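Peer 1: Letter by letter, the sequence shown follows residues 94 to 429 of my numbering.
Handing you a structure now.
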Amino acid sequence: MSDQENGLPENPQWQELKLSQLLLTDTVRNLHATIDAQWDYLQRTACQTAAGRAMWKHVIHDPLADLLAGETYLRNVHEKIKKDRLNNAREISGVILAIRTLWFDSQIEAALNSFNSREAQVVLLGAGMDTRAYRLNCLKESDVFEVDFSQVLQVKTALIQTAMEFGDEQQHPRMTAKSLTTVAADIRENDWLEKLQLSGYKPEKNTVWVLEGIIYYLLDIHAMQVLKLIADKCNLVHTVLLADFMNQPSTTLSSSIFHFSSDWPDRLLPTLGFSNVRLSQIGDPDAHFGLMNDPLNLFNKLRSLPRSVQTHPDDGTPCRRLYLVQASGSPNQTTA
């Protein structure tokens, strides 16, 4: 199988991992030592995500990803990619993360363009090491809010501040969003929306809500509370939800980590108040990005099966699917 079939560049730069000078400074290493010593698994997934984006830099422009991932996570992902390439794997580690990132990027831009007024808010729930406020030009007229645990936001802010002070003009972070506000809150608690409003979020302003890589870590009761709170905003203003959902077989990858699932999010969300819902699977035309060319890779094989099928008829393995979902609503629309 060629590299192009696996979504790799013609001359992949994965043979050798090169760490930047900034990543090797004492300040950055000490901050990542804090992560290793104090963060729990859910918080550390933020670094894993950043490492994946860093390793797929040939398709994702995220200059801060290496810094936010840290040496340990970069090496872990790099080793997985090397092993997959040596084994001629049909799905190279990180490809799903790359597609997911590119899908959210494109859908955020499309959602902002759909608003009659160009001014809007973008709320990233469980923002982790997300850097869209620094890399998406479509946010230049949008106020961005990042909601996450206080310790995550503190370390992330310190890392970015270190990059700003480092003096390397090529790596100097520049914000592309109109504004960026961090909100220390746990979306599993009942006060996160109040904290968001106290930080400047305006309920009457067009809003894109981004839940990337977070909803399936929540217990059902917490996930439904979050989705319902967002859906309720459709009664006030043009509201767009962007989220990825696992189906039930996917949660069996780790029953102690993954909790919430939905086999039919396109049926669930209209019951909460969204009037329009679009669902894609990895490999669909809007969730492909030239990275899913092998017809025999796992996700292209799954797309050929009805979504109601829970186990693959060829080998009896669980049909683990990741759904990429865009839902929207506004006061002048009715639920379908």
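Backbone N, C-alpha and C fix where the C-beta goes; we use that ideal spot for every residue, glycine too.
Small disclaimer: the values here were computed from a predicted structure and weren't measured.
Leaving out five residues before and five after VAL43 in sequence, what residues of the same chain have Cβ atoms less than 6 Å from its Cβ?
Peer 2: Lying before the first or after the last residue shown, residue 43 is absent from the chain, which here runs from 94 to 429.
Peer 1: Please report the distance separating the alpha-carbon of GLU305 from that of PRO358.
Peer 2: Translated into positions along the sequence shown, residue 305 becomes position 212. Translated into positions along the sequence shown, residue 358 becomes position 265. Straight-line measurement puts the Cα of PRO358 at about 15 Å from the Cα of GLU305.
Peer 1: Do you know how far the Cα of MET317 is from the Cα of GLY422?
Peer 2: Position 329 of the sequence shown, counted from the start, is the residue given in the question as residue 422. Position 224 of the sequence shown, counted from the start, is the residue given in the question as residue 317. Cα-Cα distance, rounded: 17 Å.
Peer 1: Going by other Cβ atoms of all chains shown within 10 Å of its Cβ, with 16 needed for buried, is ARG414 buried or exposed?
Peer 2: For the purposes of this step, residue 414 is identified with residue 321 of the sequence shown, where counting begins at 1. ARG414 should be labelled buried.
Peer 1: In this structure, does DSSP put ALA182 in helix, strand or coil?
Peer 2: Numbered from 1 along the sequence shown, position 89 holds the residue referred to as residue 182. DSSP places ALA182 in coil when its eight states are reduced to three.
Peer 1: Counting only C-beta atoms, is ARG396 closer than 8 Å to chain C at any point?
Peer 2: Protein chains in the displayed structure number just one, and chain C is not present.
Peer 1: Thinking C-alpha only, which one of MET385, VAL370, SER368 and PRO156 is nearest GLY376?
Peer 2: Taking the first residue of the sequence shown as 1, we reach residue 376 at position 283. Of MET385, VAL370, SER368 and PRO156, the residue nearest in Cα terms is MET385.
Peer 1: Roughly how many angstroms lie between the CA atoms of LEU110 and ARG267, to the nearest whole one?
Peer 2: Reading the sequence shown from its first residue, position 17 is the one you call residue 110. Reading the sequence shown from its first residue, position 174 is the one you call residue 267. Distance between the alpha carbons of LEU110 and ARG267: 25 Å.
Peer 1: Output needed for VAL370: all residues of its chain with C-beta closer than 7 Å, excluding positions within five of it in sequence on either side, in chain order.
Peer 2: The residue labelled residue 370 in the question sits at position 277 within the sequence shown. Listed in chain order, the non-local C-beta contacts of VAL370 below 7 Å within the same chain comprise ASP359, LEU362, PRO363, VAL418 and ALA420, local neighbours out to five positions each way being set aside.
Peer 1: According to the neighbour-count rule (16 or more other Cβ atoms, all chains shown, within 10 Å of its Cβ), is ILE174 buried or exposed?
Peer 2: Taking the first residue of the sequence shown as position 1, residue 174 is located at position 81. ILE174 should be labelled buried.
Peer 1: Considering only the alpha carbon of each residue, which of TYR134, CYS231, LEU232 and GLY219 lies closest to GLU239?
Peer 2: On the sequence shown, position 146 is the one that residue 239 refers to. Per the Cα distances, GLY219.
Peer 1: What did DSSP end up calling GLY163 once you bin it into helix, strand or coil?
Peer 2: Against the sequence shown, residue 163 aligns to sequence position 70. The answer is coil: DSSP assigns GLY163 none of H, G, I, E or B.
Peer 1: So, is SER235 buried or exposed, given that buried needs 16 or more other C-beta atoms within 10 angstroms?
Peer 2: As a first step, residue 235 must be located in the sequence shown, where it is residue number 142. The residue is buried, with at least 16 neighbouring Cβ atoms inside 10 Å.
Peer 1: In whole angstroms, give me the CA-to-CA distance for ASP356 and LEU252.
Peer 2: Numbered from its first residue, the sequence shown carries residue 356 at position 263. Numbered from its first residue, the sequence shown carries residue 252 at position 159. Each residue's alpha carbon lies about 38 Å from the other.
Peer 1: Considering ASP337, what are the terminal residues of the beta strand (DSSP E) in which it resides?
Peer 2: Locating residue 337 in the sequence shown gives position 244, where the first residue counts as 1. Run containing ASP337: 332-339, per the beta strand (DSSP E) assignment.
Peer 1: So the beta strand (DSSP E) ASP236 belongs to, where does it begin and stop?
Peer 2: As a first step, residue 236 is located in the sequence shown; it is residue number 143 there, counting from the start. Taken as a continuous stretch (DSSP letters only), the beta strand (DSSP E) holding ASP236 covers 235-241.
Peer 1: So if DSSP puts TYR416 in a beta bridge, which residue, or which two residues, is it bridged to?
Peer 2: As a first step, residue 416 is located in the sequence shown; it is residue number 323 there, counting from the start. Looking at the DSSP assignment, TYR416 forms a beta bridge with PHE338 and GLN374.
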